[in-house]
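Residue numbers (the working numbering): 38 to 171.
We treat Cβ as the ideally placed atom computed from N, Cα and C, and that holds for glycine.
Single-structure report; data block below.
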């Protein structure tokens with residue numbers, strides 16, 4: 038059973054599409070993807086994000102696409118990215134994600150925002166089954 042169905046069943050609430058309030062965040066990027074790293078939970082702390090960036094940057098540069106790193110202050114900051122780590126609220130992250138071409142990251146609220154906005158997602162799931170949350 039999907040986690041949302043479980044909540045609805047136990048609370049009596051109806052499932053509907055949520056409203057996501059976006060707040061402007063100044064960015065110099067036009068064509069970009071968002072990437073989030075998460076160190077708050079050991080199960081979501083994927084240790085190879087810099088290697089992923091190192092592989093993607095030459096390919097993305099050919100298409101004039103940049104990587105905007107988003108996330109909490111505790112997140113591991115990566116090289117070769119436009120860094121907004123610890124500088125945005127959730128609503129500003131929603132703004133950046135909605136204007137991105139793709140979102141990459143673990144199963145966090147940012148991935149939920151990307152799903153809400155119909156973005157393509159490369160989700161790295163940890164100890165949660167994707168079928169329960171997609």
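Skipping 5 residues on each side, what residues in its chain have a beta carbon closer than 6 Å to that of residue i?
i           : result
residue 81  : 75, 143, 163
residue 83  : 161
residue 45  : 52
residue 137 : 69, 70, 71
residue 94  : 117
residue 58  : 128
Does DSSP put residue i in a helix, a strand or coil?
i           : result
residue 101 : coil
residue 59  : coil
residue 83  : coil
Whose C-beta lies closer than 7 Å to the C-beta of residue i among residues of the same chain, with five residues either side of it excluded?
i           : result
residue 134 : 71, 140, 147, 150, 151, 154, 156
residue 60  : 126, 128, 129, 132
Hey, residue i and residue j are a contact pair by Cβ (cut 8 Å); roughly how many whole angstroms apart?
i           : j           : result
residue 105 : residue 118 : 7 Å
residue 87  : residue 115 : 5 Å
Looking only at its chain, what residues have a beta carbon closer than 8 Å to the beta carbon of residue i, apart from the 5 residues adjacent to it on each side?
i           : result
residue 102 : 68, 69, 70, 138
Cα-Cα, which of the options is closest to residue i?
i           : options        : result
residue 121 : 73, 89, 91, 97 : 73
Where are the beta strand (DSSP E) runs, 3 residues long or more, that stay fully inside the stretch 105 to 149, in chain order? 139 to 143
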